[in-house]
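Have a look at the structure below before the remarks.
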Amino acid sequence: MAEKATTPPILQGPTAKEKKYDRQLRLWAASGQAALENAKVLFLNSNSGVVGVETLKNLILPGVGSFTIVDETKVSELDLGVNFFLEESSLGRWRAEETCKFLQELNPEVKINALRESIDAFADDPNRLEQYSLVLLIGPTRNARVLERICQHADKSSIPLFYIHCQGFFSQFSLQLPAQFPIVDTHPDPASTQDLRLLNPWPELLELLEKKTGNLGSLSDHDHGHVPYVLILLHFLNVWKASHDGQAPANYSEKKQFKALVESGARTNNSEGGEENFDEAAAAVLKSLNTPSISSGLREVFESDDCQNLKSTSANFWVIANGIQKFHTSHNGILPLPGALPDMKAQSSDYIQLQNIYKAKARSDLAAVTQTIRSSEQEVGRKSSIEQAEIEAFCKGAQFVKLIHGRPIRVAKCSAEIDWSDRAKALSQEIQDPDSLLPIYFAFLALDRYQDDIDRIQKLRKPTDDQQFNDIMAGRVVSGAVPPLPTFAESAHFSTPAVDPEHDPKPWPRFDIPEARETFDNVVKELDRADWGELHNIAALTGGMVAQEVIKVITKQYVPVNNTCVLDGIASKTAVFKI
Amino acid sequence: MGRDRFAKQSLGYLYPRIKQSRTLMVGAGGIGCELLKNLVLTGFGEIHIVDLDTIDLSNLNRQFLFRQEHIKKSKALVAKESAAKFNPHIKLEAHHANIKDPQFNIEWFQSFGLVFNALDNLDARRHVNKMCLAANVALIESGTTGFNGQVQPIIKGKTECYDCSTKEVPKSFPVCTIRSTPSQPIHCIVWAKSYLFTEMFGTSEDETPEFDHSEDSENAKEIENLRQESQALNSIRQSMGSDDFARKVFDKVFKDDINRLRSMEDMWKTRKQPNALDFDRISKGASGTKPYVAQQDQKAWTVAETFTVFCDSLRRLSARLQTSQAQSGADTAAPVLIFDKDDEDTLDFVAASANLRSIIFGIESKSKFDIKQMAGNIIPAIATTNAMTASLCVMQAFKVMRGDINKAKMVFLERSAARVINSDTLKPPNPNCNVCGVMSSALIVDPNRATLNDLVEDVLKTQLGYGDEFSINNEVGTLYDPDLDDNLSKKFSDLGVKADSFLTIIDDDEESPRVNLSLTILEKSLPGDTKAVQLPGKLDIARKPKDVPAPTSNGDTNGHVKAESIGLKRKRSLDEHENGVQQDHKRGKIQMPSKAMGSQVDDLVIEDDSNDGAIVIDD
Ligand SMILES: [Zn+2]
């Protein structure tokens, strides 16, 4: 209390920027905001692209660093009907520049560039992607090659890429994340992050236990009713162990018996007929007495090569993971203590004492991990040492870290089938579910394939003039032996042969499930009807979903969709698939 | 090739209906901006926008129709201008006004085909819900908190209304509740944090999200008094550091201001009067109390302890602010302190001040621990959630406009990477709901002579056959019950019962009580030889069903969605699904648009089975 009176830190009022971003800083904090403000987003558009513009709107408002729009089209009357960031006067001008002009008004702090050129340039030159931190690509691209090349370039440079379709009432987006995408700050539910370490108490905690419960029976009613439940549980654990060969209750039925033992300790000769602290203790039995175990996500991190074999070039994430793994091994399978103590019925002084014991333990665990990390850093010859704060954040959330393995975007070509490899089985199982939204994804793949086919035929035919090309596109028979182009619906129908994925590694999925076939056909029909057009409302919804995932990826906070999300805008339903 | 080609193609027969519609949007904030854009681009023909708010800096991270230069201007007007620039063909009307204003009466609500609620406070939401039920207009209700969002279509008699399930306590409060008539601990905490602390140590003109200004216009005089009060407090701030600073502040806010409030007799007709505190008396009683009592954060402090923490934290904060002022250069902004729940000095001050105010108003004191939690809460808000929620509102509106009520859904947004959007079948009205589980009627009142007794005797007892056990209530509180008969001789106008306001009659008959009766006041001069209060027609009031629980309060929650509450709600509604709106497991091949929605039957098949998302649209 006396030290409270020393000179306090100087506080300035929040800056205008902090005020403007106040409501979002509460979700992703200053670190997330900094990541967002450093991000450079590239938007490659070769369609109406409203979904991309809406995504950008949702990134510009919270203050993304910069973005670049690549678009070779001029504004048409149709654009005005769906794109909010154009106006009457934009007609006939370059769409990239016009859109940028209106988007810039949303936030003067964001740097905005317009490139009026075809996105093909980014397929041809692998180096052009490198200056960006994230790519938004709207499908279908002119042909499969453009899509494939851009995705490959992004993958090689470890730049996250979003591939997005939006037509009529349907939309879909897939994320191509780097092969390893670790997230430390997953923002788990605070209630799930508690670790009281009751099965591995340490001397300071046991000392307090002895002091407070050594003569539990002779405590006054007031004191008895204020023993913190953590100590009650520890006390009865000792009682239990004494009659169970030193073993803690291990299974459900033993825990139930143990709970009854705890409950029997409460004094009932009072007006409430029980004690609140004992109620709290009984309620906490099931969740607090689990033998220490690590989440599957963390296990995967521990077991991966990058964690096992540190190099001088290893990312901070792996160096810290290695340190925590060593701690875990040398401490009989426990993780560093997060140190947070839940609210509980107790006298203030006892609670503070208990809180201090947990905090001190968390600090000493952190120190142990840090020490391990420092010697690893030396061992592998890293130039700089990792900041303590980063280690601490990892220690606190170790149980909840998540490592996502990025997967490539699937490219549908007219000349070859997709190799579904490791996902073939899971996807053909998914499609058995008559309610599955997966057929919507396949309909968009069919669209890509159709576009690729049109591009191929167009090149084959080499139309002599615009009139002839328009005739071909409209499906009118042109002089010559080549039959007219199939409509998308026809094309899609033929592009879904039923091949058993178990035996053939590269089929389209089977559509022998009538419901799936019907859904697929219906979506294809609707996409055909939409005629490459976007509905603003669906583009806005999808733009919201995409931007949300972009923010997760940029801030490396929260767990992003892995890896494909499908929207049925008629039923207001979404589904997420690993493709 | 028109600009609306795609909308026409995809929306089919619905499109002309959308173009001819007349739509009301209440609220032009986070959801409202997005919603307006979507409505305009979907082709909604005529849109009215109502919002009382003005634009604040902290809105700009998501309310994209507003810019820096619009700060302090009307949200409704700026939103209209921004959207109109985009599409000159659509008729937009903006009202910079409170939706509770009398001009927005039932008749006015009836002029719309559909109403969207894009509001941020419980009070206005409830009001619009009630008006839409009375006008029998479909309402699309929505709200967001951080990553979570929720959309609920409300159709009278077919779905739950906004008040059918319990709503959590709002996080924003009318200014007068905070400054003049607190009734809960949270009111005092908000006062201490957002008013007293800010006036003493912060930038006093700060807009605080906890203050709901939507009722300001109704209380213009008191708002002016409060403004003067703030100014006076600000001048006391100049004497910070002087020996009697604590006494000056204390006397101002815990004595003088309270005595002024106490003198306003109208305010305390239905409330308990506050009692001012005396500095010297409490000071004497607190002489033995040490400031470190502030560390005891689990229990509610005694008056003496609260007083001691108040004086001590005031001293600590004053010292900090003055040190900063002394150290800051002339060219930097004047230093201020900001409330931070993790900053003990600021938390002590807020806890002590809040509890002193609670003592004055006879409200339960809270522990510092509890106050920390209650004071630290600010609702996060982001662009993405608003964008998604607004789009989902429009999607539900399509279903309502098609007459596909059975396919309309309660839709939830979640942060989860596994689903993104969740939906739930709409539940039927709660028969015990105090808002929609009621019989509604107009009540014709002659404002020159009608008294409450006329209603009780002539209409309720004689005409409708009520027994002795019932109460008459309005928004302010209970006007009449068997133990409260002081108002019987008063005229409606003297009781503040105005035209277009509501009275709720709650039958407390032990045997078989009637459902609540909601009466809308219709003022009309009636011939002197007829009754001064009349019903427009015969009324047959149903009795309450037995064994159906009324919505009950579950305590300390807020008006917006929370992940946990969504989880609970979903679970419960799944269990109760069999009493719910029938879910079509079989596909209805042909959906006839409902006649009730005033639509003509089209030769169009829409198969919209929300269970599998399959559709067929032929035209
Ligand atoms: Zn209701």
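Line by line, the protein sequences give chains A and B. 547 is the number of the first residue of the first sequence in this note's numbering; add one for each residue after it. 3 is the number of the first residue of the second sequence in this note's numbering; add one for each residue after it. Every residue, glycine too, gets a C-beta built ideally from N, C-alpha and C.
### Query
So what does DSSP say about Met133(B), is it helix, strand or coil?
helix
### Task
Note down, in chain order, all residues in the region 5–33 of chain B with a beta-carbon under 8 angstroms from any beta-carbon belonging to chain A.
Arg5, Asp6, Arg7, Phe8, Ala9, Gln11, Ser12, Leu13
### Task
Excluding the 5 residues preceding and the 5 following Trp748(A) in the sequence, name in chain order all residues of the same chain whose CB lies nearer than 8 angstroms to its CB.
Lys907
### Task
Given a cut-off of 8 angstroms, decide if Lys82(B) and Ile51(B) are closer than it, judged by their beta-carbon atoms.
yes
### Contact list for the region 47–69 of chain B against chain A, Cβ threshold 8 angstroms
Leu59, Ser60, Leu62, Asn63, Arg64, Phe66, Arg69
#### Entry: Buried/exposed call for Asn123(B), threshold 16 Cβ in 10 Å
buried
### Task
Consult DSSP for Gly1090(A) and reduce its assignment to one of helix, strand or coil.
helix
### Message
Let me check you understand the geometry: is the CB of Asn150(B) closer than 7 angstroms to at least one non-hydrogen atom of ligand 1?
### Response
no
### Query
ligand 1 heavy atoms versus the CB of Val437(B): any closer than 7 angstroms?
yes
### Query
Just curious, the beta strand (DSSP E) that Ala660(A) is in, first and last residue?
657–661
### Query
So, is the C-beta of Leu43(B) closer than 8 angstroms to a C-beta in chain A?
yes
#### Entry: Collapsed DSSP secondary structure at Val517(B) in the structure displayed
coil
### Message
So the candidates are Ser860(A), Gln579(A), Glu634(A), Thr875(A); which of them puts its Cα closest to the Cα of Arg928(A)?
### Response
Ser860(A)
### Query
Using a beta-carbon distance below 8 angstroms, is Arg128(B) in contact with chain A?
no
### Query
Looking at C-alpha atoms only, which residue of Val773(A), Phe988(A), Gly792(A), Phe716(A) is the closest neighbour of Lys757(A)?
Val773(A)
### Task
List the whole-angstrom C-beta distance separating Ile950(A) from Phe727(A), where the pair is believed to meet the contact cut-off of C-beta under 8 angstroms.
4 angstroms
### Task
Report the residues of the region 138–166 of chain B with a CB closer than 9 angstroms to any CB of chain A, ordered along the chain.
Gly148, Phe149, Val153
### Query
Across which residues does DSSP place Gly145(B) in a beta bridge pair?
Gln152(B)
### Task
Thinking Leu519(A) and Leu682(A) are a contact (beta carbons under 8 angstroms), I'd like their distance in whole angstroms, please.
Missing from the structure shown is residue 519(A); chain A here goes from 547 to 1125 and no further.
### Local conformation of His768(A) per DSSP, three classes
helix
### Message
I'd like the list of long-range same chain contacts for Asn659(A), defined as Cβ closer than 6 angstroms, with 5 residues on each side in sequence excluded.
### Response
Thr614
### Query
Which word fits His768(A), buried or exposed, when buried means at least 16 other C-beta atoms lie within 10 angstroms of its C-beta?
exposed
### Query
Given that a residue counts as buried once 16 or more other Cβ atoms are within 10 Å of its Cβ, and exposed if not, what is Pro547(B)?
exposed
### Query
Can you check whether the CB of Gly609(A) is closer than 8 angstroms to the CB of Thr386(B)?
no
### Task
Report yes or no: do three or more beta-carbon pairs, one from the region 675–692 of chain A and one from the region 953–966 of chain A, lie closer than 8 angstroms?
yes
#### Entry: Three-pair Cβ contact test at 8 angstroms for the region 339–359 of chain B versus the region 302–321 of chain B
yes
### Task
Could you pull out every residue in the same chain whose Cβ sits closer than 6 angstroms to the Cβ of Ser738(A), ignoring the five residues on either side in sequence?
none
### Bridge partner(s) assigned by DSSP for Met27(B)
Ile51(B), Phe118(B)
### Query
Is any beta-carbon of chain A found at less than 8 angstroms from that of Ile180(B)?
no
### Task
Flag this pair as yes or no: are the beta carbons of Lys102(B) and Ala136(B) separated by less than 8 angstroms?
no
### Task
Return yes when at least one heavy atom of ligand 3 lies under 7 angstroms from the C-beta of Cys166(B), else no.
Ligand 3 is not among the ligands present in this structure, which contains only ligand 1.
### Query
Taking the Cβ atom as the reference point for each residue, do Ile622(B) and Ile20(B) lie within a distance shorter than 8 angstroms?
Any question about residue 622(B) goes unanswered here, given that chain B covers just 3 to 621.
### Query
List, in order along the chain, the chain A residues whose C-beta lies closer than 7 angstroms to that of Lys411(B)?
Ser1118
#### Entry: Leu394(B): contacting residues in chain A (beta-carbon distance under 8 angstroms)
Leu1087, Ser1118
### Query
Which chain A residues sit within Cβ distance under 8 angstroms of Phe88(B)?
Phe630, Glu633
### Query
Is the beta carbon of Glu143(B) within less than 7 angstroms of some heavy atom of ligand 1?
no
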